[in-house]
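Q:
Numbering (our numbering), first residue to last: 24 to 814.
Right, dumping it as structure tokens:
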């Protein structure tokens, strides 16, 4: 049965019993004189005491529906706030205080509760409502807490806390709205459960009177005469079942509702066997509302070929990559012909599992947050290595982790994805794709946020994959990476193909003006050396730890740093060296640390929520995962100007003017920023995140890989903006980056971290030209290695 038919059937099944429950008593009239039990008198005969069954059916729905609805609403009114409070609280004792008593209630079987209350409480609707709500509320609280936890402690919530957003916008507007689908799905099950609990209670004598007009009572009392007068049992039972099935079908429709596509369906066509292409794209176009995202794109990728797709942020690279998967970003529709390995690909009809591997720009989106790393890797190996024994599968996991420079010990395999750095998450996603033995690999900015050493490893690995016969599509802003490994290059501008050909020709002698701008590095402006004034930021004896289950793992060891006003400090180090943890300690986002952090000789409280509003405005943080740091349900522009309203007391008009000025300075437009985050590219969101941090007028700006995923033109514009802030507004900037060019352009002073220790620090010119430590030389002087040659 197709989806519209299921929806119509669900609405019909739900409407009939609800109408009978609401309007039945109006049309029931006066009770008829009782006759003999279980006779055929009347339309549906009589019941066990001789009453007309039709009359009882008309009267019997109101009580069961009213009790079930009231009990369900009461359970949600209690369970949802408790679950929300437990999930959003940052105090573990409060979570324990709220959830442990509910666990005790859940430990008592519901039937036992019914029996106890049947013996102690007076029967009636009020008692029944209370019992049903008492049974359902702890389960609802549990479900609410589990669904809300990832949102309540993710980057978007942290960004709102940095801007001291109101509790209603954080807990209700973001977390509550984010879990609405989970609650809706649960509501369908919970309502049906309440209906059956009401029926069970009636059988036990807790609910309505034994001879009352109630569908559940009718089923119970008339079952002895089922073969004498079946309608007295069948009709109320069918109405209860119709109520249950109809409610679930309607809620299923609400959960699976998708935007209506206005694009015509792509006509099916067979794969051309003569081309030998693993993937073919013919005349693919995509639109977002009235804006064209892709326009008539054509390409082919053969086995063993590495095709790089380049272009500015928002040019349509990620959209084109997702169409090869048979997917689209919400709000985008596409048309055209796509085939992968001989299979027609359309929206909602991807290539067979394992055919295509995908490495997304935000690696956390591709990792299961509630499963351990090792369990997922073993499952992938078992599914895609049929016939291999356990030892061989274990060896395969070890080998692929070694290939992507990740440890393979038991401690690492037992971690969860959130316990990895952004670079480690990226490499883990690549490992997933390798284990799946795909014939086509789509890598969307695979070196984003990677240090130079790992970046070279990724380049070598992509080259080896192509050498082994896998077709590779690389979406990247990293032109050095593209030069070193790509066979062919396709250049996009505003969704149009402007150049397509061999990489050596397109990048060495570009014909189009836009390609020339992408491949030409503009001269760096003369930087004014920072004055050696008093430190704006002082860090003394800073240590930090991460909690790994019941263990505590130290990630920073007694760091001492100073940053003068107007100076830019670059923090470099391999993925997992502690760079982001250092930044989060300064911003107040990571509280498990010792030592002191002072700004303008005023100590900053380790907890973000304990800092004064002017301190929050003075220290702003730009997250590495820009997409995850925005509330997906509100326009980007609204979130930027809200930061000014909450921390600077700016009026709505003044905040809007400031926001529009900043988004223009970072290379966006009002039209783009007026969309929700899912309509912006990764690069556009990086720029929007920078604008949101700058609008509060910070004294210290912490930038965690803010140029990752940006094209060269936009990257230089952002770096120029940071330099203007440093010189013009006396803002201190901490830049966390793996990119040597960014460090060269942005840094006055460099600190090199390795395993939570400072191994070298000093003026940027000294460390860039005369590094002493081997880690510094590897990070700041390693050029992209040439990939393994492939045909």
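Here a beta-carbon is modelled for each residue, glycine too, at the ideal position from N, C-alpha and C.
Using the rule of at least 16 other Cβ atoms within 10 Å of the residue's Cβ for burial, across every protein chain shown, is residue 434 buried or exposed?
A: Counting from one through the chain shown, the residue named residue 434 turns up at place 411. The residue in question, residue 434, is exposed, as its Cβ has fewer than 16 Cβ neighbours within 10 Å.
Q: Return the CA-CA distance between residue 683 and residue 718, expressed in angstroms with no decimal places.
A: Within the chain shown, the letter at position 660 stands for residue 683. Within the chain shown, the letter at position 695 stands for residue 718. Cα-Cα distance, rounded: 10 Å.
Q: Assuming residue 494 and residue 324 are in contact, meaning their beta carbons sit under 8 Å apart, how far apart are those beta carbons, in whole angstroms?
A: Residue 494 sits at position 471 when you count from the first residue of the chain shown. Residue 324 sits at position 301 when you count from the first residue of the chain shown. Correct: roughly 4 Å between the Cβ atoms.
Q: Taking one C-beta from the segment 697–708 and one from the segment 571–585 each time, how about it: are there three or more such pairs within less than 8 Å?
A: No, they do not touch.
Q: Tell me whether residue 425 is buried or exposed, calling it buried when 16 or more other Cβ atoms sit within 10 Å of its Cβ.
A: Within the chain shown, residue 425 is the residue found at index 402, counting from 1. So residue 425 ends up on the exposed side.
Q: So residue 137 and residue 235 are in contact, right, with Cβ under 8 Å, and what is the actual spacing, rounded?
A: For this step, residue 137 is matched to residue 114 along the chain shown. For this step, residue 235 is matched to residue 212 along the chain shown. Not really, about 18 Å apart at Cβ, beyond 8 Å.
Q: Nearest by alpha-carbon distance to residue 562: which of 538, 528, 609 and 598 is it?
A: For the purposes of this step, residue 562 is taken as the residue at position 539 of the chain shown. It is 609 whose Cα lies nearest to the Cα of residue 562.
Q: Which residues mark the beginning and the end of the beta strand (DSSP E) in which residue 726 is found?
A: Here residue 726 refers to the residue found at position 703 of the chain shown. Element bounds for residue 726: 723–727.
Q: By Cβ distance, which residues of its chain are closer than 8 Å to residue 439, with the 5 residues on each side in sequence left out?
A: If you number the chain shown from 1, residue 439 lands on position 416. Closer than 8 Å at Cβ, skipping near neighbours: 392, 393, 394, 395 and 396.
Q: What is the DSSP secondary structure of residue 126, counted as helix, strand or coil?
A: Start at 1 with the first residue of the chain shown, and residue 126 comes out as number 103. Correct three-state label for residue 126: helix.
Q: Does DSSP put residue 509 in a helix, a strand or coil?
A: Counting from one through the chain shown, the residue named residue 509 turns up at place 486. Of the three classes helix, strand and coil, the one that applies to residue 509 here is coil, per DSSP.
Q: How long is the line joining the alpha carbons of residue 32 and residue 43, rounded to whole angstroms?
A: For the purposes of this step, residue 32 is taken as the residue at position 9 of the chain shown. For the purposes of this step, residue 43 is taken as the residue at position 20 of the chain shown. Using only the alpha carbons, I get a separation of about 17 Å.
Q: Based on Cα-Cα distance, which residue from 780, 782, 777 and 745 lies nearest to residue 769?
A: As a first step, residue 769 is located in the chain shown; it is residue number 746 there, counting from the start. Per the Cα distances, 745.
Q: What whole-angstrom Cβ distance do residue 512 and residue 496 have, given they're in contact under 8 Å?
A: Counting from 1 along the chain shown, the entry for residue 512 is found at position 489. Counting from 1 along the chain shown, the entry for residue 496 is found at position 473. Not a contact, Cβ separation roughly 11 Å.
Q: Using the rule of at least 16 other Cβ atoms within 10 Å of the residue's Cβ for burial, across every protein chain shown, is residue 335 buried or exposed?
A: By 1-based counting over the chain shown, the position of residue 335 is 312. Classification of residue 335: buried, given that the 10 Å Cβ count is 16 or more.
Q: Span of the beta strand (DSSP E) holding residue 323?
A: As a first step, residue 323 is located in the chain shown; it is residue number 300 there, counting from the start. That run of the beta strand (DSSP E) goes 314–325.
Q: With DSSP run on the structure shown, which of helix, strand or coil describes residue 79?
A: Residue numbering aside, residue 79 sits at position 56 when the chain shown is read from its first letter. DSSP places residue 79 in helix when its eight states are reduced to three.
Q: Could you tell me whether the segment 775–782 touches the segment 741–758, using the rule of 3 or more Cβ pairs below 8 Å?
A: Not touching, per the Cβ criterion.
Q: In whole angstroms, give me the CA-to-CA distance for residue 63 and residue 249.
A: Stepping through the chain shown from its first residue, residue 63 is reached at position 40. Stepping through the chain shown from its first residue, residue 249 is reached at position 226. Roughly 13 Å separates the two Cα atoms.
Q: For residue 386, which residues of its own chain have a beta-carbon under 6 Å away from its beta-carbon, when the five flanking residues on both sides are left out?
A: Taking the first residue of the chain shown as position 1, residue 386 is located at position 363. Same-chain partners within the cutoff: 448, 449 and 452.
Q: Over what stretch of residues does the beta strand (DSSP E) that includes residue 786 continue unbroken?
A: Along the chain shown, one-based indexing puts residue 786 at 763. 780–786 is the span of the beta strand (DSSP E), which, as asked, contains residue 786.
Q: Measuring straight from C-alpha to C-alpha, what distance separates residue 131 and residue 125?
A: Along the chain shown, read from residue 1 onward, the residue named residue 131 stands at position 108. Along the chain shown, read from residue 1 onward, the residue named residue 125 stands at position 102. Taking the straight line from one Cα to the other gives about 10 Å.
Q: What does the Cβ neighbour count give for residue 358, buried or exposed, with the cut at 16 atoms within 10 Å?
A: As a working note, residue 358 is residue 335 in the chain shown. That one is buried.
Q: What runs of the beta strand (DSSP E), each 3 residues or longer, lie entirely inside the segment 576–623?
A: Here the runs fully enclosed are 591–595 and 616–622.
Q: Find out if the Cβ-Cβ distance for the pair residue 68, residue 254 is shorter than 9 Å.
A: As a first step, residue 68 must be located in the chain shown, where it is residue number 45. As a first step, residue 254 must be located in the chain shown, where it is residue number 231. Yes, they are a contact pair.
Q: For residue 306, count neighbouring C-beta atoms within 10 Å of its own C-beta (all shown protein chains included) and say buried if the count is 16 or more, exposed if not.
A: In the chain shown, residue 306 corresponds to position 283, counting from 1. Classification for residue 306: exposed.
Q: Using the Cβ count rule (16 or more neighbours within 10 Å means buried), how would you classify residue 53?
A: Here residue 53 refers to the residue found at position 30 when the chain shown is read from its first residue. Residue 53 comes out exposed.
Q: In the DSSP assignment, what are the bridge partners of residue 522?
A: By 1-based counting over the chain shown, the position of residue 522 is 499. Residue 522 is bridged to 514.
Q: Would you decide whether residue 735 is buried or exposed? Buried here means 16 or more other CB atoms lie within 10 Å of its CB.
A: As a working note, residue 735 is residue 712 in the chain shown. Label assigned to residue 735: buried.
Q: Just the C-alpha distance for residue 165 and residue 207, rounded to the nearest angstrom, thanks.
A: Counting from 1 along the chain shown, the entry for residue 165 is found at position 142. Counting from 1 along the chain shown, the entry for residue 207 is found at position 184. Straight-line Cα distance between these residues: approximately 15 Å.
Q: What are the start and end residues of the beta strand (DSSP E) that includes residue 237?
A: One-based indexing of the chain shown puts residue 237 at position 214. Here residue 237 belongs to no beta strand (DSSP E), and DSSP marks it neither H nor E.
Q: I need the straight-line Cα distance from residue 330 to residue 792, nearest angstrom please.
A: For the purposes of this step, residue 330 is taken as residue 307 along the chain shown, with counting starting at 1. For the purposes of this step, residue 792 is taken as residue 769 along the chain shown, with counting starting at 1. Taking the straight line joining both Cα atoms gives about 35 Å.
Q: Mind checking which residues open and close the beta strand (DSSP E) that includes residue 12?
A: Examination of residue 12 is not possible in this model, given that the chain is present from 24 through 814 alone.
Q: Can you give me the C-alpha to C-alpha distance between residue 312 and residue 640, rounded to a whole angstrom?
A: Counting from one through the chain shown, the residue named residue 312 turns up at place 289. Counting from one through the chain shown, the residue named residue 640 turns up at place 617. Going by the C-alpha atoms only, they are around 36 Å apart.
Q: Is DSSP giving residue 38 helix, strand or coil here?
A: Walking along the chain shown from the start, residue 38 turns up at place 15. Helix, per DSSP.
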